[in-house]
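To get this note's numbering, take the position in the sequence shown, counting from 1, and add 4. One structure is given below, encoded as structure tokens.
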Amino acid sequence: MACIKKVSQNLAFDCQNPGLISGINGIEEAVIINFEDVATLTSSQQTGEANITLKKGTRGYTIQCVKNSCQETEAIKINDNAPTMMEISMIIKILSSLPVVSYIIAALSGTFLVAVRTKTNQYFLLGVHAQLEASDFSTDSATDGVSVITLKTPDNSCGDYRYSITVDQYNSLKNVN
């Protein structure tokens, strides 16, 4: 992995379209991908883009993110012997009318990538360098038993970056390969 130490683009704000900000501003939908289902995964720090293909017969699983039921946070992760990266967390309120016990068990023990579609139709892939894993879980009867799980960059990793993916890639993750 090459270390980028120079900024190489301008930051501009479009006053005619102030709602379009280059970041994750409201997650509309997410796709959780079992890391063991990934066939190929590449990324470019120069372009900020990633490419992912899944193994034959596999797919990612859609999460409808209603009323901020999915939140993504990023924080700096400073490393002594590696480039400074990010710690990424994906907080998911498990809202489903179907039984969720097996989903919860798998989410607590697996490693994942998460693709997200924002409210402004931007597409990102999380967990490219360090797959996300469960770091927190709770269920509260005061909230009608809604369970909340946090998937995050592992503590023992160097960190990760958020990468862009295309709409076609995002949509392909939801279909059996």
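Where a beta carbon is used, it is the ideal one built from N, C-alpha and C, also for glycine. Quick caveat, the model's predicted, so the values are computed rather than measured.
Going by Cα to Cα distance, which pick from the options is closest to residue i?
i       : options                            : result
Asn-55  : Tyr-167, Lys-178, Val-180, Asn-179 : Tyr-167
Lys-81  : Ser-73, Met-90, Cys-74, Gln-75     : Met-90
Gln-173 : Val-118, Ile-96, Ser-151, Thr-88   : Val-118
Ala-86  : Leu-177, Thr-115, Asn-160          : Asn-160
Cys-74  : Ala-110, Leu-102, Asp-84, Ile-36   : Ile-36
Ile-95  : Asn-72, Thr-122, Thr-88            : Asn-72
Ser-101 : Lys-123, Gln-68, Asn-125           : Gln-68
Gln-49  : Asn-38, Ile-169, Asn-83            : Ile-169
Go through its chain and collect everything with a Cβ distance to residue i's Cβ below 6 angstroms, but skip five positions before and after it.
i       : result
Val-120 : Ile-31, Ala-34, Phe-128
Val-70  : none
Ile-92  : Glu-78, Leu-130, Thr-157, Asp-164
Ala-134 : Thr-157, Pro-158, Ser-161, Asp-164
Thr-139 : Correcting the residue type first, residue 139 is Ser in the shown sequence and not Thr. Within the same chain, Ser-139 has close Cβ partners Thr-154, Lys-156.
Who are the near neighbours of residue i in its chain, counting only those whose CB is closer than 7 angstroms to its CB and skipping five residues on each side?
i      : result
Asp-41 : Leu-58, Lys-59, Thr-62
Thr-66 : Glu-33, Val-35, Lys-178
By DSSP's criteria, residue i is part of a beta bridge. Which residues make up the other side?
i       : result
Leu-136 : Phe-116
Asn-55  : Thr-46
Val-150 : Asp-144
Tyr-107 : BP columns for Tyr-107 are empty, so no partner.
Residue i to residue j, Cα distance in whole Å?
i       : j       : result
Leu-183 : Asn-179 : It is not possible to answer for residue 183, since the shown part of the chain is limited to 5 through 181.
Val-171 : Phe-141 : 31 angstroms
Thr-51  : Val-11  : 12 angstroms
Met-5   : Asp-148 : Caution applies to Met-5, whose pLDDT of 46 falls short of 50 and renders its modelled position unreliable; the model cannot decide the point.
Since residue i is in the alpha helix (DSSP H), which residue starts that stretch and which ends it?
i       : result
Asn-175 : 171 to 176
Say whether chain D places a C-beta atom closer than 9 angstroms to the C-beta of residue i.
i      : result
Lys-59 : Of the protein chains in the structure, only one exists, and it is not chain D.
From what residue to what residue does the beta strand (DSSP E) around residue i run?
i       : result
Asn-38  : 31 to 38
Cys-74  : 74 to 81
Thr-66  : 65 to 68
Leu-129 : 127 to 130
Lys-97  : 89 to 98
Near residue i, what residues of its chain come up, given a Cβ to Cβ distance below 8 angstroms and the 5 sequence neighbours on each side ignored?
i       : result
Ser-151 : Lys-97, Ile-98, Val-104, Ile-108, Phe-141, Ser-142, Thr-143
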